[in-house]
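See below for the structure under consideration.
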Amino acid sequence: MNQIRPRGAVAPLRRPAASFRRPNVDAVVAALRPEEPVHCLRPAAVTAAARAFVAAFPGDVLYAVKCNAEPTMLRAIAAGGVTHFDCASEAEVRLARSLFPDAAIHFMHPVKSRGAIRAAWTQHGVRDFVLDTDGELTKILEETGGGAGDLGLVVRLALPKGSAAYDLSGKFGAAPAEAAALLCAARPHAARLGLSFHVGSQCLDPAAWTRALALAAEVIAAAGVAIEVVDVGGGFPVAYPGSEPPALAAFMEAIREGAALLPPGVRLWAEPGRALVAGGASVVVQVQQRRGDALYVNDGVYGALSDAGAPGFRFPHRLIREGGEAAATVTRDFVLFGPTCDSADVMRGPWTLPADVREGDWIEIGQLGAYGTALRTAFNGFDRAHVTEVSDAPMMTTSGYGAGAAARAA
Ligand SMILES: Cc1ncc(COP(=O)(O)O)c(C=O)c1O
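Read in order, the letters of the sequence shown are residues 1 to 410 in full-length UniProt numbering.
So, in structure tokens, the structure goes:
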């Protein structure tokens with residue numbers, strides 16, 4: 001008997017029947033003439049960015065899986081030399097372990113269910129857990145049987161609100177005095193004791209890391225216990241239109257400067273997400289209707305374009321027309337509307353495109369490897385999308401992230 005079931009999860013991205021890497025996004029459009037969004041992944045750019053970050057960072061690099069958990073991207077990151085993964089949930093832990101049997105997996109969500117801690121510890125070989133309260137420390141100790149002499153405990157320190165595009169200061173983290181008390185409480189149980197922070201995502205100010213490390217040094221001094229690790233979190237920025245971050249080297253310099261204040265011998269960790277994968281994907285959307293300066297397209301803020309909605313991120317973009325037919329050379333600013341019936345499904349851009357954009361045209365939107373695929377929903381039933389791979393360069397370059405991640409020629 002047929003059973004009608006509500007949709008419980010977003011549909012997985014589908015690979016086209018002839019699934020091989022195409023030279024560029026135009027070749028994908030020519031072959032598929034897609035009526036549904038297509039996520040075009042660039043594993044070579046991701047590998048280059050990961051390799052550059054690993055080479056530049058003076059410590060261990062943990063990729064933040066939440067940013068893009070597509071197996072193709074995870075493999076590309078591993079190919080760039082990343083052997084540590086920062087996971088937020090049991091599902092991410094399971095995924096990372098299934099792909100990388102020997103990787104070091106770190107459970108870096110400060111509030112975990114007991115079952116997730118237990119499964120991570122007993123089934124998936126996770127040894128490092130973050131916490132920002134006494135209650136979480138108790139949970140971790142109870143569910144790991146005290147840690148059996150091999151437990152890594154990392155205390156998340158709250159930072160004051162900074163200038164990052166995404167402020168992460170409001171939800172997690174212990175205030176400095178509490179963090180010092182937690183370090184003291186955790187020390188007797190920890191084979192590795194650490195202190196972590198996150199300056200906020202897409203943080204353009206290298207000095208934010210120096211300031212955070214200075215605060216971390218004060219907390220460690222106040223705790224008066226030995227510490228093995230300081231985790232400088234994620235937040236490393238990438239280029240978007242109108243926003244050009246300082247080069248990667250400037251962030252590393254700022255981290256070195258702050259790390260000099262730490263007790264000798266402390267190992268550094270970082271948890272980059274966005275910086276490793278942003279350039280590694282474009283999403284191709286199709287124009288379904290034009291109304292004046294408004295384009296109704298087949299992906300939106302409930303799909304891969306969440307950051308283009310209320311957060312107001314701008315993304316590189318260009319028109320692709322059937323058969324490579326030329327479009328107008330005069331441009332005009334457009335607003336994009338996504339496919340759902342929600343008025344909030346609007347992306348104001350502005351999106352500068354040839355003035356004669358018409359129904360059936362496609363738009364390549366770049367820099368969507370970070371928090372694009374990862375934030376898709378099934379809202380209004382618009383969750384069908386394809387995934388394929390391309391060999392062309394990202395639409396924009398972020399300074400310092402390797403030759404393979406250099407933007408294509410204009
Ligand atoms: C704990 C933690 N680590 C790392 C990241 C990755 O941050 P980003 O993508 O800004 O590098 C996040 C993002 O929210 C996070 O919450």
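Positions of the beta carbon are idealized from the N, C-alpha and C atoms, including for glycine. Since this is a predicted model, take the numbers as computed values, not measurements.
When burial is assigned at 16 or more other CB atoms within 10 Å of the CB, is residue i buried or exposed?
| i | result |
| --- | --- |
| residue 179 | buried |
| residue 370 | buried |
| residue 15 | exposed |
| residue 96 | buried |
| residue 306 | buried |
| residue 359 | exposed |
| residue 2 | Only weak support exists for where residue 2 lies, its pLDDT of 49 falling under 50; the value from the coordinates is given anyway. Result: exposed. |
| residue 110 | buried |
| residue 452 | In the structure displayed, the chain extends from 1 to 410; residue 452 sits before or after that span and is not available. |
| residue 367 | buried |
| residue 58 | exposed |
| residue 99 | exposed |
| residue 395 | buried |
| residue 282 | buried |
| residue 265 | exposed |
| residue 364 | buried |
| residue 272 | buried |
| residue 242 | exposed |
| residue 138 | exposed |
| residue 17 | exposed |
| residue 39 | buried |
| residue 389 | buried |
| residue 148 | exposed |
| residue 325 | exposed |
Relative to ligand 1, is the shortest distance from any of its heavy atoms to the C-beta of residue i smaller than 8 Å?
| i | result |
| --- | --- |
| residue 251 | no |
| residue 73 | no |
| residue 233 | yes |
| residue 246 | no |
| residue 132 | no |
| residue 241 | no |
| residue 371 | yes |
| residue 166 | yes |
| residue 84 | no |
| residue 367 | no |
| residue 271 | yes |
| residue 139 | no |
| residue 39 | no |
| residue 184 | no |
| residue 304 | no |
| residue 201 | yes |
| residue 174 | no |
| residue 158 | no |
| residue 66 | yes |
| residue 274 | yes |
| residue 129 | no |
| residue 116 | no |
| residue 109 | yes |
Measure from the alpha carbon of residue i to the alpha carbon of each residue in the options, then state which is nearest.
| i | options | result |
| --- | --- | --- |
| residue 44 | 35, 24 and 33 | 24 |
| residue 158 | 205, 394, 228 and 199 | 199 |
| residue 121 | 134, 142 and 132 | 142 |
| residue 129 | 106, 116 and 138 | 106 |
| residue 303 | 372, 361, 280 and 328 | 372 |
| residue 298 | 27, 214, 36 and 166 | 36 |
| residue 90 | 66, 182, 76 and 78 | 66 |
| residue 399 | 248, 285 and 335 | 248 |
| residue 62 | 86, 81, 152 and 41 | 86 |
| residue 204 | 193, 183 and 246 | 246 |
| residue 313 | 240, 381 and 244 | 240 |
| residue 197 | 144, 51 and 216 | 216 |
| residue 293 | 283, 316, 337 and 225 | 337 |
| residue 401 | 345, 280 and 169 | 280 |
| residue 308 | 288, 318, 296 and 349 | 349 |
| residue 234 | 276, 310 and 325 | 276 |
| residue 342 | 326, 325, 381 and 76 | 381 |
| residue 323 | 146, 163 and 26 | 26 |
Can you list, in chain order, the residues of its chain whose CB lies under 7 Å from that of residue i, leaving out five sequence neighbours each side?
| i | result |
| --- | --- |
| residue 20 | none |
| residue 355 | 328, 330, 331 and 332 |
| residue 167 | 161 and 200 |
| residue 418 | This structure does not reach residue 418, given that the chain is present from 1 up to 410, and the question cannot be answered. |
Within the same chain, show all residues whose beta-carbon is closer than 6 Å to that of residue i, passing over the 5 residues directly before and after it, in chain order.
| i | result |
| --- | --- |
| residue 60 | 84 and 269 |
| residue 379 | 302 and 340 |
| residue 415 | Residue 415 is absent from the structure shown; the chain starts at 1 and stops at 410. |
| residue 410 | The predicted position of residue 410 is uncertain, since its pLDDT is 47 and thus under 50; no value can be drawn from it. |
| residue 362 | 29, 284, 286 and 320 |
| residue 318 | 364 |
| residue 108 | 86 and 130 |
Might you give, ordered along the chain, the residues of its own chain that have their beta carbon closer than 8 Å to the beta carbon of residue i, omitting 5 neighbours on each side?
| i | result |
| --- | --- |
| residue 253 | 206 |
| residue 311 | 165 and 166 |
Verify the contact flag: residue i, CB atom, against every heavy atom of ligand 2, threshold strictly below 8 Å.
| i | result |
| --- | --- |
| residue 341 | Among the ligands present in this structure, namely ligand 1, ligand 2 is not found. |
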